[in-house]
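When we follow numbering that gives the first Met the number 0, the leftmost residue of the first sequence carries the number 0, and every step to the right adds one.
For glycine and all other residues, C-beta sits at the position ideal for the given N, C-alpha and C.
This structure is a prediction, so every number in the text was calculated from the model and none was measured.
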Amino acid sequence: MERRVSENPFGEFRRECRDLLLRVLEKISPDLMTYKVALEIPPNPQFGELTSLICFEASKYLSKPPLELAREIEAISKSELGFFPLLESIEAAGQGYVNFHANFERLSSLTIESAIALDKEYGYVKTEKPEKIIVEHTSVNPIHPIHVGSARNTFLGDSIARILKARGHSVSVHYYVDDVGRQSAIVAYGYKLLGRPKPSSKPDHFIGAIYAVTNCLLEIRRLKKLLERSKDELSHDEAQRIRNILDDWVAVAVELQEKFPDIFSSLLEAFEKVADPESEVNLLMRNYEEGDSEAKELIREVSSLCLEGFKQTLERAGITFDSWDWESDFIWSGDVARCLNALKKTPYVFRSGDVFEFDAESVARDFGLKEALGMKKNYEIPSLTLGRSDGTTLYTTRDIAYSIWKLENADRVINVIGIEQRLAQIQLKLALYALGYSGKAERLIHFAYNLVNFPGQRISGRRGRYITLDEAMDEAVSRAYEEINKRSADLTEEEKRKISEFVGIGAVKYALIETDPLKPIVFTWDKVINFERNSGPYIQYSHARACSILRRAPRRIEEADFSLLKEPIEHEIILLIARFPEIFMEAADNLRPNIIADFANSLADKFNAFYASLPVIKAEPPELSNARLMLVNATRITLRNALFLMGIEAPQRM
RNA sequence: GGACCCGUGGCCUAGUCAGGAUAGGGCAUCGGCCUCCUAAGCCGAGGGUCGGGGGUUCGAAUCCCCCCGGGUCCGCCA
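This is the structure in structure tokens:
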């Protein structure tokens with residue numbers, strides 16, 4: 000048989016089914032051709048590899064029971080079958096399904112040979128419309144370490160970038176360094192009070208401690224003052240409410256004092272000497288925006304220190320960026336001011352007290368965007384405050400300028416940002432419409448994901464309540480090392496270290512990519528460091544097993560008789576491998592990295608079942624062994640390629 | 001109060017956009033399987049009013065309406 004290679008084997012089968020069905024429908028009644036011919040995956044192999052539901056639709060039109068029509072299709076298709084090599088048979092079933100059964104000899108051959116021939120490219124079907132895409136992800140403020148909650152952002156973003164690249168887009172990955180906000184001024188102020196110390200630990204952890212303590216002391220000072228100053232004006236309830244918040248922060252202070260005793264006591268001491276730390280922070284923030292050289296030097300120093308720590312973490316996790324975009328640069332270049340002025344010239348900005356407000360609601364109404372934005376008609380979108388009364392800028396306003404810059408440099412911009420910023424992202428988008436950038440606005444995508452919380456409480460950078468990504472990776476890697484030390488004692492120390500890195504980090508990545516991004520995750524160590532079924536390591540293990548078989552095989556096989564692969568489990572594996580390209584396309588075109596995780600897990604499942612029940616190397620006759628070896632190789636390639644899209648290493652041994 | 005998201009066995013989760021055949025997995029529990037390619041594995045068992053109620057449909061976890069529960073947002077924070 001002629002050897003063929005397809006980038007999408009199941010797609011070929013799907014096309015044949017559709018073509019055949021259309022031919023048959025034309026014979027029955029040309030009007031049927033207008034029906035949507037959607038072919039679906041049947042729930043059970045006994046119903047074939049694809050199924051059509053067209054008879055249920057068409058039965059009304061032809062006033063014929065669905066099953067009768069299905070039988071008619073079955074009968075007519077018999078004479079056409081010869082033109083469609085990947086099809087074995089068509090049969091009417093159930094209430095009126097038309098089931099398509101594949102010719103497994105040919106589908107197996109096409110699938111396995113394609114996977115092996117395309118190797119590192121298998122599954123990565125290229126788009127017909129390559130775009131320039133900017134993916135902005137992580138963008139953790141440079142004031143505390145990357146914690147496991149923001150790691151969800153990092154890994155989803157990284158996976159999206161990998162998937163889009165594999166799809167043939169030109170992808171540029173950006174990190175937005177938010178150094179302008181009040182938070183940066185707070186941490187810089189604390190850092191200055193401490194006399195700009197050299198970090199005594201990993202720089203981002205060190206900065207995170209300073210930030211949490213400084214912020215906490217500021218909050219306590221502010222709340223106490225508030226209670227004191229307005230003792231007589233406050234209602235009883237109001238005063239009680241503030242006292243409760245204060246109590247909360249005092250509890251935070253106790254936690255922080257325990258965790259960072261040195262920083263805490265030094266900062267507490269320094270704070271007592273300052274009359275009004277609050278205004279000093281505000282001054283620093285203002286000076287920074289104005290480009291005051293002392294403020295610039297200080298805040299850039301703190302931010303860079305923190306970023307240095309991020310880069311260590313990200314490098315370990317295998318995450319890279321093409322561009323680090325400093326928010327402050329957009330202020331100093333005048334972009335933000337220009338953008339603000341332009342916005343003020345539109346009819347959508349009004350004054351409210353000392354500040355300008357952006358009337359997002361009117362834009363949505365005038366441009367008829369409510370429905371497209373997923374909002375109810377009667378819901379009034381809140382306005383957006385564009386600046387502080389002291390003249391400094393606000394985050395979303397700065398983000399408008401940044402977004403325009405990104406959109407000028409790309410066909411599509413994907414922002415991986417927490418779902419809690421949904422409203423702000425909508426307001427931002429509406430501002431682009433108001434500015435006359437409708438085309439750009441449509442190409443701006445907010446990829447939203449939900450929070451990772453601890454059981455019973457929120458992760459909070461401001462309170463210093465978090466588990467860092469570093470800790471999570473350390474813990475996962477050390478557990479992986481124990482495991483690998485037990486089972487693969489013959490590996491060198493270096494190999495063991497390397498593999499435990501892959502496995503531990505793979506576990507964390509998988510756990511954060513696998514769940515639907517819109518669902519909140521409750522953090523537990525057992526969930527994030529899972530090495531059992533439905534985990535990164537489970538897939539890696541399956542890959543290593545496939546490698547192990549191939550390593551031990553006495554010969555390299557380049558062709559085989561695939562008609563010998565008759566076991567149902569073999570067919571299931573082949574089908575999954577064949578479907579990988581279309582699952583990949585779905586993941587790429589709908590931004591769904593989690594379905595790659597799901598797919599890889601299913602394939603690993605099937606492969607392990609196969610592994611346990613059927614011999615490969617010792618299979619008899621040798622021709623069967625050959626065919627299985629090639630199946631194992633195709634599985635290995637597909638698992639590896641799926642793992643790659645999640646940024647998970649595929650070790651050959653573990 | 002309003003808007004958005006989520007609700008699937010004890011716990012976690014796929015399927016919901018594009019409605020179809022006995023609702024897939026995993027954890028935990030119980031019972032089996034290593035002189036045989038890595039047991040991070042495999043096989044089997046029990047366990048489900050798909051949050052509730054209406055509706056549309058030949059057919060609803062999936063679509064529509066109402067309600068309930070949880071989360072998020074509604075800041076001169078980011």
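| query | result |
| --- | --- |
| Closest residue to R397 among G180, R14, V134 and S51 (Cα-Cα distance) | G180 |
| Distance, R387 Cα to S278 Cα | 14 angstroms |
| Spatial neighbours of Y96 in its chain, beta-carbon cut-off 6 angstroms, leaving aside the 5 residues before and after | T50 |
| Residue from D247, A250, L222 and V251 whose Cα sits closest to the Cα of A238 | L222 |
| Cβ contact check for the region 637 to 649 and the region 539 to 546: 3 or more pairs under 8 angstroms | yes |
| Alpha-carbon spacing of H235 relative to R228, whole angstroms | 15 angstroms |
| Beta-carbon gap between V451 and P516 smaller than 9 angstroms | no |
| Cβ-based neighbour list, K343, same chain, cut-off 7 angstroms, excluding 5 preceding and 5 following | F355 |
| Close Cβ partners of Y188 (< 8 angstroms) along its chain, the five nearest in sequence each way excluded | T213, P276, E279, V280 and L283 |
| Every unbroken alpha helix (DSSP H) within the region 533 to 587, with a cutoff of 4 residues, ordered by chain | 535 to 551 |
| Best match in T384, W331, R486 and G10 for proximity to D353 [C-alpha to C-alpha] | T384 |
| A587 versus L644: straight-line alpha-carbon distance, rounded | 10 angstroms |
| For H168, three-class secondary structure by DSSP | coil |
| Test item: CB-CB of I89 and E67 under 9 angstroms | no |
| 9 angstroms Cβ cutoff met for F103 and I636 | no |
| Exposure of G460, with buried meaning 16 or more beta-carbon neighbours within 10 Å | buried |
| Start and end residues, beta strand (DSSP E) containing V412 | R411 to G417 |
| Within 9 angstroms, strictly: CB atoms of Y123 and F598 | no |
| Distance, L19 Cα to C338 Cα | 57 angstroms |
| Helix, strand or coil at L49 [DSSP, three-state] | strand |
| Three or more C-beta pairs below 8 angstroms linking the region 403 to 410 and the region 373 to 383 | no |
| For F349, the residue or residues it bridges with in DSSP | E356 |
| Spatially closest choice to G207 from G156, L422 and H143, by CA coordinates | H143 |
| First through last residue of the alpha helix (DSSP H) which encompasses E648 | That residue, E648, is in no alpha helix (DSSP H); it is neither H nor E in DSSP. |
| Beta-carbon proximity of Y654 to Y175, cut-off 9 angstroms | Outside the displayed range of the chain (0 to 653) lies residue 654, so it cannot be described from this structure. |
| Proximity below 9 angstroms, CB of S499 to CB of E482 | yes |
| Unbroken beta strand (DSSP E) run spanning V134, endpoints | K131 to E135 |
| The region 614 to 634 / the region 557 to 567 touching (three or more Cβ pairs under 8 angstroms) | yes |
| Minimum C-alpha distance to L613 - residue among G167, T634 and I568 | I568 |
| Three-way DSSP call (helix, strand, coil) for H146 in this model | strand |
| Any 3 or more C-beta pairs closer than 8 angstroms across the region 241 to 256 and the region 148 to 160 | no |
| Meets three-Cβ-pair contact criterion under 8 angstroms: the region 187 to 202 and the region 292 to 310 | yes |
| Y610: first and last residue of the uninterrupted alpha helix (DSSP H) it sits in | P592 to S612 |
| Inter-stretch contact (C-beta, 8 angstroms, three-pair minimum) for the region 160 to 177 and the region 487 to 506 | no |
| Among N449, L429, A447 and Y448, the one whose alpha carbon lies nearest that of E441 | L429 |
| Exposed unless 16 or more other CB atoms sit within 10 angstroms - verdict on Y436 | buried |
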